[in-house]
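Number of protein chains: 2
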Amino acid sequence: MKSRQKKGLILVNTGNGKGKTTAALGMALRAWGQGMRVLVLQFIKGGWKYGELKAAEKLAPGFEIRQMGEGFIKGENDSALDEHRHAAQQALKAAGEEILSGKYDLIILDEILYALHFGLVSLDDVLALLAQKPEGLHLVLTGRNAPPEIIERADLVTEMREVKHHFTSGVPAQKGIEF
Amino acid sequence: MKSRQKKGLILVNTGNGKGKTTAALGMALRAWGQGMRVLVLQFIKGGWKYGELKAAEKLAPGFEIRQMGEGFIKGENDSALDEHRHAAQQALKAAGEEILSGKYDLIILDEILYALHFGLVSLDDVLALLAQKPEGLHLVLTGRNAPPEIIERADLVTEMREVKHHFTSGVPAQKGIEF
């Protein structure tokens, strides 16, 4: 029988459904409960994620959420695309530094795949990030449209697929659920 | 424009992939951060979920995880099936009471769909639970094989689909990730 070995994993939550970021946060909570040090780096700043930010404050130290990046892109012709790109590059730089810092056991690169999909960061840069991951560190990447090269490199990939959504029946975003 | 309305939702996390319970926990964290009172009722006791249990302790009051049920079933001929059924029925009873108690804003019925799939609780009983949900309460149901009747009744359904898993390449369960 194989003895239990410690191995930092690369995990990907992708797909068009809900739960990509939320599952990453749940994982963060689980890891934190195990005494691990957790960093969430948000590549897309989401002002509505107020609940998590407040929770993270209460769980500090050892649970840190850093909001970087800009908000979601308003279509292909978003006039602020340069700002988005600049902000995402800053997040990428921070990710590179923290991955090598040895300060964390689990780092969540939230919506990095969204930034990748919109060309705010390059595939080469993201693959370079993964390549420098220290052995013991767990990395979680979230966002739609995970490209095959990332899936190839990952240990665990889950697709969150939308089966039914209340927005389509006119129910608006709910406090504690969507924000 | 529609004004923001408060409506308790029924959410379902299903599918063969990872992240059903984890996303529910992330949602619990988000809700808790918003000052909501959260109860997680585990229909299948999972001893390895040590991380969350410790985190929940730190987040108390307002974040409660109650382990009920027995462990996962060891195949169709599990000799302890009666015990499993009894434990799941107890969890169902507790769920019914807490749904009506007014003490929570979000209740997660973790792995209730697993219990349903193995016949530990009946579809009628679960539908009856949903029918008595007070307007403002959010309910989350997790587990594989959500039946159509539950999907029909739910507001938001997400399928977590396994695309790739490290177990299949021989990497064992990792602390902070799987337990």
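Chains as they are written, first to last, in this note's numbering: chain A, 1 to 179; chain B, 1001 to 1179. All C-beta atoms, glycine included, are put in the ideal place defined by N, C-alpha and C.
Chain B contact residues for residue i, given Cβ-Cβ distances below 7 Å
i: residue 157(A); result: 1163 and 1164
i: residue 106(A); result: 1176
Residue interval of the alpha helix (DSSP H) (run including residue i)
i: residue 20(A); result: 20–33
i: residue 54(A); result: 50–59
i: residue 105(A); result: That residue, residue 105(A), is in no alpha helix (DSSP H); it is neither H nor E in DSSP.
i: residue 44(A); result: Note, residue 44(A): premise wrong, no alpha helix (DSSP H); not H, not E.
i: residue 1037(B); result: Element bounds for residue 1037(B): n/a, residue is neither H nor E.
i: residue 149(A); result: 148–153
i: residue 1128(B); result: 1123–1131
i: residue 1173(B); result: Neither: residue 1173(B) is in no alpha helix (DSSP H) and is coded neither H nor E.
i: residue 116(A); result: 112–117
Rounded Cβ spacing between residue i and residue j (contact assumed at less than 8 Å)
i: residue 1161(B); j: residue 1016(B); result: 7 Å
i: residue 105(A); j: residue 142(A); result: Residue 105(A) to residue 142(A), Cβ: 18 Å. No contact.
i: residue 1073(B); j: residue 1084(B); result: 6 Å
i: residue 1028(B); j: residue 1108(B); result: 6 Å
i: residue 34(A); j: residue 1045(B); result: Going by Cβ atoms, the distance from residue 34(A) to residue 1045(B) rounds to 18 Å, so no, they are not a contact pair.
i: residue 59(A); j: residue 155(A); result: In fact, because the Cβ distance is near 26 Å, the residues do not count as touching under 8 Å.
i: residue 1088(B); j: residue 1069(B); result: 5 Å
i: residue 1164(B); j: residue 151(A); result: 6 Å
7 Å Cβ cutoff, residue i in contact with chain A
i: residue 1029(B); result: yes
i: residue 1047(B); result: Note on residue 1047(B): pLDDT 49, under 50, position unreliable in the model; the coordinate value appears next. Output row for residue 1047(B): interface = no.
i: residue 1007(B); result: yes
i: residue 1132(B); result: no
i: residue 1040(B); result: no
i: residue 1010(B); result: no
i: residue 1016(B); result: no
Under 7 Å by beta carbon: chain A residues contacting residue i
i: residue 1023(B); result: 19, 22, 23 and 26
i: residue 1102(B); result: Simply none; closest approach about 16 Å.
Per DSSP, the bridge partner or partners of residue i
i: residue 1160(B); result: 160(A)
i: residue 1085(B); result: DSSP, once it has assigned bridges, lists no residue as partnering residue 1085(B).
i: residue 1012(B); result: 1141(B) and 1157(B)
i: residue 63(A); result: 38(A)
Partner residues on chain B for residue i, Cβ-Cβ distance less than 9 Å
i: residue 138(A); result: 1174, 1176 and 1177
Amino acids of chain B, ordered along the chain, whose beta-carbon sits closer than 8 Å to that of residue i
i: residue 126(A); result: Correct list: empty, because the minimum Cβ distance to chain B is about 17 Å.
i: residue 191(A); result: Given that chain A is displayed from residue 1 to residue 179, the structure contains no residue 191(A) and the question cannot be resolved.
i: residue 13(A); result: 1019
i: residue 99(A); result: Near residue 99(A) there are no residues of chain B at all, since even the closest Cβ is about 16 Å away, more than 8 Å.
i: residue 154(A); result: 1164
Test: residue i CB closer than 7 Å to a CB of chain B
i: residue 51(A); result: yes
i: residue 36(A); result: yes
i: residue 171(A); result: yes
i: residue 68(A); result: no
i: residue 122(A); result: no
Extent of the continuous beta strand (DSSP E) to which residue i belongs
i: residue 73(A); result: First-last for residue 73(A): undefined, no H or E at that position.
Interface partners of residue i on chain A, CB under 8 Å
i: residue 1151(B); result: 163 and 164
Residue i CB to nearest heavy atom of the ligand MN below 6 Å
i: residue 1101(B); result: Of ligands this structure carries none, so the ligand MN is not represented either.
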